[in-house]
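Chains as they are written, first to last, in the working numbering: chain A, 1 to 226; chain B, 227 to 452; chain C, 453 to 678; chain D, 679 to 904.
Below is one structure, written out as structure tokens; the observations come after it.
Number of protein chains: 4
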Amino acid sequence: MTAKPLAIIAGAGPGLGAMLIQRFAAGGYHAVGLRRAADAAAESNVVAVDLSRPADVEASIADLVSHHGAPKGVVHNPSRLVIGPLAHTSLDQFEACWRDMAFSAAVLAHAVLPRMAEAGGGAFLVSGATASLRGGARFSAFASAKFALRGLTQSLAREFQPHSIHVAHIILDGIIDTATSRALHGLAPARMMSPDDIAETFWQTAHQPRSTWSHEIDLRPSSETF
Amino acid sequence: MTAKPLAIIAGAGPGLGAMLIQRFAAGGYHAVGLRRAADAAAESNVVAVDLSRPADVEASIADLVSHHGAPKGVVHNPSRLVIGPLAHTSLDQFEACWRDMAFSAAVLAHAVLPRMAEAGGGAFLVSGATASLRGGARFSAFASAKFALRGLTQSLAREFQPHSIHVAHIILDGIIDTATSRALHGLAPARMMSPDDIAETFWQTAHQPRSTWSHEIDLRPSSETF
Amino acid sequence: MTAKPLAIIAGAGPGLGAMLIQRFAAGGYHAVGLRRAADAAAESNVVAVDLSRPADVEASIADLVSHHGAPKGVVHNPSRLVIGPLAHTSLDQFEACWRDMAFSAAVLAHAVLPRMAEAGGGAFLVSGATASLRGGARFSAFASAKFALRGLTQSLAREFQPHSIHVAHIILDGIIDTATSRALHGLAPARMMSPDDIAETFWQTAHQPRSTWSHEIDLRPSSETF
Amino acid sequence: MTAKPLAIIAGAGPGLGAMLIQRFAAGGYHAVGLRRAADAAAESNVVAVDLSRPADVEASIADLVSHHGAPKGVVHNPSRLVIGPLAHTSLDQFEACWRDMAFSAAVLAHAVLPRMAEAGGGAFLVSGATASLRGGARFSAFASAKFALRGLTQSLAREFQPHSIHVAHIILDGIIDTATSRALHGLAPARMMSPDDIAETFWQTAHQPRSTWSHEIDLRPSSETF
């Protein structure tokens, strides 16, 4: 086993996911990303795994734990954005949205929380969105999945905080500044959320003292109306 | 086509479902229940269909619509209660809970809402629960599914109310008085919710005048703490 | 004492207030409005009283109770709309808004709830607004007062429902169709809420069976975005 | 004028208030507390002022600003806890609770926000409580006042964030560990919130980068059920 505590970032895409790996690594963790096979590049700190496949996730986690011990920090961050009226949102998309964002969190929770509880605790953080709190007109699939994730996260907090695992839901109420979103939205960077600022909030939340644990935190650019 | 408007009660079990059929029938609708094949008895007003199978639901609805026209009232009411700590809640149960309560609502919405919009509107009502608003410690599967259903319902309201379809979410914050729950909970009837009182609220909500549509209503016995 | 049960409508202006008096009267109550002295016309069913003056309210209620017994239905409906940026909202306006909409409800609760509890119960209903749930940019005074009213109403529900008093908060998320609002907003009546439709909801809520009490109901025109 | 930016802690009692002064001072601010005359000790960094008296607050702020410039950080933290059934909560207590916790925030906002906006911005943070979100049975006065404060804070955020003032509401969902609360509640310190941990959250929130401003954060001891 290595001396460094293990951090797992599930949903380790090029924007926020990469920054989360970097922030936990900078803070002294052995930080590993989990990402769907098709995307997995030759990065040494990313494991290719489909987060919606329980047996695969269990195998990946078991392997990581055998080398590094139970994780002390876990972030659930996969995103699948589906926007459109109901008639243009297929039931397959509706299911895929839930599977990638909500079911995958249950899969991850099953794989890590009992191990973390047994090892003495840690932090389990989840990325929410504007649609976690409000189902907008063209967000039937995305909002439903993000609501599902929020309900799950609340239940996990109430079950696992007595076992010293801090469970928190961080609502990202704005557009994350990535190469993709700059191209897509045409917003000035000052109107978007910087991935490293978001990662800093995840880091601080994961390390709140036991006397002041947050369960839900919203983040938005100062320019965002809400 | 019959002269009576069509009402569809999806999730037509022996308690609230049966009462909803009865209430809409008493109000002048041709009221039909949808219920999973295995349970479908020889009742003339119940169609056996697995609500989580899109093709089957579409076929059933198409058949009903061909005889009675687009429905004017639709209720989504299936329930699958799963309670237990995460370790005793399998991922299959987690998925089944979502499939029966949230996915089935998306399936139903796909089958009925475009037809209702084209025919001039109506009401689409959904049964919520205490766990729609709060994820309790032993409710990870149930709360996640009920949150998913609430998020979906909000999106549907915002998309379809401009098309004259009233979409509402009725939160049942208590135990429904049925033969099963009497045996299970040992509560006095006065501490439970009467299925016909609940059905009356669904009826009234479905028929609110256009100047006063509710989106969310909570119901609980007067004796319930909240 | 009269044979009819007493209903009190506090905040009995010409729009919704008058309709509430009419609806409860039509339903068999002896319905009396309370309204600030300056406005009190020569209507036989309106008592002139400043609802923010405890001694005056107590005297008026005591007088009504001596003739009609404890009220069975009470509605709190005064409104004072203040809109504007903070710099244009004086602290006197901020206080007046709270005094007319929140303090007056505490005054009314003090005067009626113990009497109603002793007499066996009844209903105590409160008019909320969009601003009860969301503090908008130009609504610092109004939202703060409406939030205060909502918090009070929740506490009263939890304290008095065990004493058979149904306490509910009805959120009016739209503009009420009155002569004033037609002149002010220039909206078509179909985009506003009809006072008699709203009054009907108050009536139905006050008479929900004990197995299905609502605490919070939202109402809006079908055309209102939310 | 001094070189240090000014921080104002309104409601500077011996527990959290003192820690907030200390934390902002440690971070390089000239930190000043405001506290009701009767309590004001011979502390050099506390100004005696009744926060519910607009003219007095304005005079105190004007004096501070003339020496230190407009504040960069402001915290509203006064508390007046009233618990009891309605019949044991006088209307004077109801009003005092609101005056000390909600009206005082409007007074403070009037005195500081326009000056901060003109000077280029800053942070305005508010202490919430469990009762900011839920009106419990014996909390009619306290919950109503804390709801009022939350509604006001939301409005201020939406009005002043475009003027570069970060407005946030921090919900303290637990008992603060002070000499008084140890005597009163008999809880182990591990079951209470440490004032310096809370102060640290206020500090971090006041200094969030503009790309990730929080509006609402909850804090509770890891042992607290919620």
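Note that the Cβ used here is the ideal one computed from N, Cα and C, for glycine as well.
Predicted model only: the values in this text are computed from it and were never measured.
Given residue i as reference, the closest of the options once Cα atoms are compared
| i | options | result |
| --- | --- | --- |
| A795 of chain D | C:A539, C:G588, C:A593 | C:A539 |
| L375 of chain B | A:V57, A:Y29, A:E95, A:H30 | A:E95 |
| M708 of chain D | D:G751, D:S892, D:A861 | The sequence given here places His at residue 708 of chain D; Met does not occur at that position. For the residues D:G751, D:S892, D:A861, the minimum Cα distance to H708 of chain D belongs to D:G751. |
| F386 of chain B | A:H169, A:G174, A:R182, A:G135 | A:G135 |
| H615 of chain C | C:D502, C:F654, C:P566, C:R634 | C:P566 |
| H294 of chain B | B:V338, B:I443, B:R279 | B:V338 |
| S270 of chain B | B:R446, B:S316, B:A355, B:G259 | B:G259 |
| Q832 of chain D | D:I854, D:I895, D:D770, D:M871 | D:I895 |
| S316 of chain B | A:H76, A:H110, A:S90 | A:H110 |
| P683 of chain D | D:F702, D:G695, D:G689 | D:F702 |
| H528 of chain C | C:I461, C:R590, C:L468 | C:I461 |
| A383 of chain B | B:G354, B:S440, B:R262 | B:S440 |
| V272 of chain B | B:G239, B:E284, B:A414, B:F329 | B:G239 |
| S674 of chain C | C:A640, C:T664, C:W655 | C:A640 |
| G49 of chain A | A:F103, A:G17, A:R36 | Reading off the sequence, residue 49 of chain A comes out as Val, not Gly. With distances taken between Cα atoms, V49 of chain A lies closest to A:R36. |
| A129 of chain A | A:A143, A:P85, A:R138 | A:A143 |
| R505 of chain C | C:L468, C:I473, C:A459, C:A554 | C:A554 |
| T404 of chain B | B:A233, B:G237, B:L242 | B:L242 |
| I854 of chain D | D:A681, D:M697, D:A685 | D:M697 |
Minimum Cβ-Cβ distance from residue i to chain A less than 9 Å
| i | result |
| --- | --- |
| M794 of chain D | no |
| S420 of chain B | no |
| I876 of chain D | yes |
| P304 of chain B | no |
| G362 of chain B | yes |
Bounding residues of the beta strand (DSSP E) (the contiguous stretch that carries residue i)
| i | result |
| --- | --- |
| K524 of chain C | 523-528 |
| A251 of chain B | No beta strand (DSSP E) holds A251 of chain B; the alpha helix (DSSP H) holding it covers 242-252. |
| R764 of chain C | The structure shown does not extend to residue 764 of chain C, since chain C is modelled only from 453 to 678, so the question has no answer here. |
| F546 of chain C | Per DSSP, F546 of chain C belongs to no beta strand (DSSP E); it is in the alpha helix (DSSP H), 543-550. |
| L172 of chain A | 165-172 |
| A462 of chain C | 458-462 |
| V498 of chain C | 498-500 |
Any C-beta of chain D under 9 Å from that of residue i
| i | result |
| --- | --- |
| A522 of chain C | no |
| F24 of chain A | no |
| L671 of chain C | no |
| T225 of chain A | yes |
| P506 of chain C | yes |
Residue-chain proximity (residue i, chain B), Cβ-Cβ < 9 Å
| i | result |
| --- | --- |
| A131 of chain A | yes |
| V126 of chain A | no |
| A143 of chain A | yes |
| W655 of chain C | no |
| D515 of chain C | no |
| H667 of chain C | yes |
| H618 of chain C | yes |
Alpha helix (DSSP H) segment containing residue i, residue limits
| i | result |
| --- | --- |
| L827 of chain D | 818-838 |
| I513 of chain C | 506-520 |
Interface flag, residue i vs chain C, CB-CB below 9 Å
| i | result |
| --- | --- |
| L769 of chain D | yes |
| P240 of chain B | no |
| A186 of chain B | One cannot answer for residue 186 of chain B here, as it falls past the ends of chain B, which runs 227 to 452. |
| A405 of chain B | no |
| T379 of chain B | no |
| S292 of chain B | no |
Entirely enclosed beta strand (DSSP E) segments - the segment 861-899 of chain D, minimum 3 residues:
Runs found: 894-897.
Within the segment 330-354 of chain B, ranges of the alpha helix (DSSP H) (whole runs, at least 4 residues)
330-345
Okay, do the segment 121-132 of chain A and the segment 197-210 of chain A touch, 3+ Cβ pairs below 8 Å being the bar?
yes
Do the segment 161-178 of chain A and the segment 189-202 of chain A touch if we need at least three Cβ pairs shorter than 8 Å?
yes
Pair every Cβ in the segment 65-83 of chain A with every Cβ in the segment 95-115 of chain A, then say whether three or more of these pairs are closer than 8 Å.
yes
Counting Cβ pairs closer than 8 Å, one from the segment 399-413 of chain B and one from the segment 632-641 of chain C, do we hit at least three?
no
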